[in-house]
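The numbering of the sequence shown is this note's numbering, which starts it at 12 and goes up by one.
For each residue, glycine too, the CB sits at the ideal point set by N, CA and C.
This report concerns only the one structure given below.
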Amino acid sequence: MVAVLTRWTPVVYEKRETCWSQITKHARDTSWCGSKCLPLKKGVVKNSLGSSEPPQRVSNGTPASWDAQVLNCSEDASVRTKDWFRRLDPRFHQFVLHRHCRYFPMLINHPEKCADGGVHLLMVVKSVIEQHDRREAVRKTWGREHAVDGKRIKTLFLLGSPTTGKDTKNLQKLIEYEDMVYGDILQWDFMDTFFNLTLKEVNFLKWFDIYCSGVQFIFKGDDDVFVNTHNLLQLIGFKVEERKDADLFVGDTISKAIPIRNRQSKYYIPKELYDKPYPPYAGGGGFLMSSQLARRLFVVSEDLELYPIDDVFLGMCLQKLRLAPEIHPGFRTFGITRRKVSPMNSEPCFYRNLIVVHKLSAQELLGMWSVVHSDALVCAQRTSM
Numbered sequence: 012m013v014a015v016l017t018r019w020t021p022v023v024y025e026k027r028e029t030c031w032s033q034i035t036k037h038a039r040d041t042s043w044c045g046s047k048c049l050p051l052k053k054g055v056v057k058n059s060l061g062s063s064e065p066p067q068r069v070s071n072g073t074p075a076s077w078d079a080q081v082l083n084c085s086e087d088a089s090v091r092t093k094d095w096f097r098r099l100d101p102r103f104h105q106f107v108l109h110r111h112c113r114y115f116p117m118l119i120n121h122p123e124k125c126a127d128g129g130v131h132l133l134m135v136v137k138s139v140i141e142q143h144d145r146r147e148a149v150r151k152t153w154g155r156e157h158a159v160d161g162k163r164i165k166t167l168f169l170l171g172s173p174t175t176g177k178d179t180k181n182l183q184k185l186i187e188y189e190d191m192v193y194g195d196i197l198q199w200d201f202m203d204t205f206f207n208l209t210l211k212e213v214n215f216l217k218w219f220d221i222y223c224s225g226v227q228f229i230f231k232g233d234d235d236v237f238v239n240t241h242n243l244l245q246l247i248g249f250k251v252e253e254r255k256d257a258d259l260f261v262g263d264t265i266s267k268a269i270p271i272r273n274r275q276s277k278y279y280i281p282k283e284l285y286d287k288p289y290p291p292y293a294g295g296g297g298f299l300m301s302s303q304l305a306r307r308l309f310v311v312s313e314d315l316e317l318y319p320i321d322d323v324f325l326g327m328c329l330q331k332l333r334l335a336p337e338i339h340p341g342f343r344t345f346g347i348t349r350r351k352v353s354p355m356n357s358e359p360c361f362y363r364n365l366i367v368v369h370k371l372s373a374q375e376l377l378g379m380w381s382v383v384h385s386d387a388l389v390c391a392q393r394t395s396m
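What follows is the structure, encoded as structure tokens:
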């Protein structure tokens, strides 16, 4: 059991006016930002230096820069003639009709993130434009770029474009300004919806293959998780010592799962779309993989049809490589305990001993991070759950 001499009480942080709130005040003024804040046009790849170059290719056929510059992807009309499509739940029609649309123009790109090589760990965070507070919390905690014993850690946030019906023009201005301040956002020109999370996966794998030859490991997670970077680096060290890092893919593995047929579920999949058990896959809240495996996943992903659940899609890619994700008790993507209301889910000594915990609000993440890293917190050496 856990021996705790100092318990966590919620920390109330003073609300300060951030760049985001300052920008919002001026969002209706289309001239407030100027060309320096808005260097990007849809359909044109821009790097951090503001240049636009035609894509070139290296000897292995991989483009030397992002080559999806023009979005020209119409629906596959032949699908409409299929009997199974007529039976398909209408919610999935657009996904199926455009499933062949795989790579999209980049609105914001940072090829320099990996250009100088020597990045030990790349923290890759799935986010959406509106979740600025979560990105701020991640930057102040586990996503802070720094070096540990000479091993550099860098961070990137993956975004799509604002969804239809929102104030897209002003939201885009906000995210471009945020990136101008922090320089840690990759954005593609597809709508940020649940079904498009797999697009975020495959577009990142291609981006990584192009730009990140010097990165050793990737942590990929959501913007509402707690990550104990010390324990994560320790796990990487153990795998390297054991020479088990080449095929490394570790997380909160789910085995023997089947598609959910409940139409009310966010994860509902109709039989017309998929009628087999799922391969083992890691919960998308957070997982760790080696760069070598990421490149192999990119190659096999190009031959697989896109699937609307990104976690499962990666499991399908791993299955094609005849690999399975390794389960690790330090990854808790369903919470420390699956009971939503439990004191264990707010116990800091568990967070000190785990690697990934899902999920926390921005304020909870900031508070828990502060307590876990406080010298005043005293825990037993081992925790049991």
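Rounded to whole angstroms, E123 and L216 show a C-alpha spacing of 16 Å. DSSP places Q198 in the strand class (E or B) of the three-state scheme. Here the C-alpha atom of C360 lies approximately 44 Å from the C-alpha atom of P116.
Measuring C-alpha to C-alpha distances from R254 to each of Y278, S276, P291, S301 identifies S301 as the nearest. One thing to note: C125 has its Cβ within 8 Å of the Cβ of C223. Assigned with DSSP and collapsed to three states, A305 falls in helix. For the pair of segments examined, the region 278–297 was found not to touch the region 309–316: the number of CB pairs separated by less than 8 Å stays below three. The way I'd put it, the region 292–309 doesn't touch the region 86–100; fewer than three beta-carbon pairs between them come closer than 8 Å. Residue pairing by DSSP leaves S85 without any beta bridge partner.
Residue pairing of S172 in beta bridges, as defined by DSSP: M202. By the 16-neighbour rule on beta-carbons within 10 angstroms, P290 is buried.
The criterion of a C-beta distance shorter than 8 Å is satisfied by Q303 and A257. For the pair Q105 and Q330, the Cα-to-Cα distance works out to about 27 Å.
When the beta-carbon positions are compared, L334 and K151 stay at least 8 Å from each other. Under the three-state reduction of DSSP, F324 is assigned to helix. With contacts defined as CB atoms closer than 8 Å, T344 and V323 fail to qualify as a contacting pair.
If you draw a straight line from the Cα of G194 to the Cα of R272, it is about 41 Å long. Secondary structure of G296 (DSSP, three-state): strand.
Secondary-structure assignment with DSSP links H241 through no beta bridge to anything.
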